[in-house]
Amino acid sequence: MDLKRTIQQDFRSAGLYLSSDALKALVSFISSSGGGIDQLDSVIDAVEDYRMEMESSTVSQELITAILANLASGQKLSAETEPLQGYFPPILTLPKPFQIVSAFDVPRYLYDVHRKVFYESKTET
195 MDLKRTIQQD FRSAGLYLSS DALKALVSFI SSSGGGIDQL DSVIDAVEDY
245 RMEMESSTVS QELITAILAN LASGQKLSAE TEPLQGYFPP ILTLPKPFQI
295 VSAFDVPRYL YDVHRKVFYE SKTET
């Protein structure tokens, strides 16, 4: 099977799409290094580590180039331990997916059937 097609299918099975420039860079890197599918799996794992910072599911050439540079230098590819310098802007605050609230701190609301509105209860129960 053609190397381009194999790369595209592996990325699609991971839910990712490659831009044409990224595909060319990846094909030239894998064909020149001779690593084959093992290197492709490590590249896909590295891209998935950075998936939260990506704006879309299309992988750009800049991200692939940064990942391949880290891979060529022999560094461990992980978003937690070794961020890609210069690719992603620093994230100031990350939104928390869940907020834990005590059941006793939540105000109690009652529903008025005639007005069809909720209002805050004044009683302490």
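Position 27, counted from 1, in the sequence shown is what the working numbering calls 221; the numbers after and before it change by one each time, with no gaps. The beta carbon of each residue, even a glycine, is placed where N, CA and C say it ideally should be. Everything numeric in this text was worked out from a predicted model, so none of it was measured.
Could you check if Ala260 is buried or exposed, using at least 16 other CB atoms within 10 Å of its CB as the buried criterion? buried
Residue environment, Ile201, which counts as buried when at least 16 other CB atoms sit within 10 Å: buried
Glu314 - containing beta strand (DSSP E), residue span: For Glu314, the uninterrupted beta strand (DSSP E) segment begins and ends at Val311 to Glu314.
Assuming Ser254 contacts Ala216 (C-beta within less than 8 Å), just tell me the rounded distance between them. About 6 Å; that satisfies the 8 Å criterion.
I'd like to confirm the pairing. Which residues does DSSP put opposite Val221 in its beta bridges? Per DSSP, none; premise fails for Val221.
Do Ile238 and Ala266 come within 7 Å of each other at the CB atom, strictly closer than that value? Against a cut-off of 7 Å, the Cβ pair of Ile238 and Ala266 comes out as no contact.
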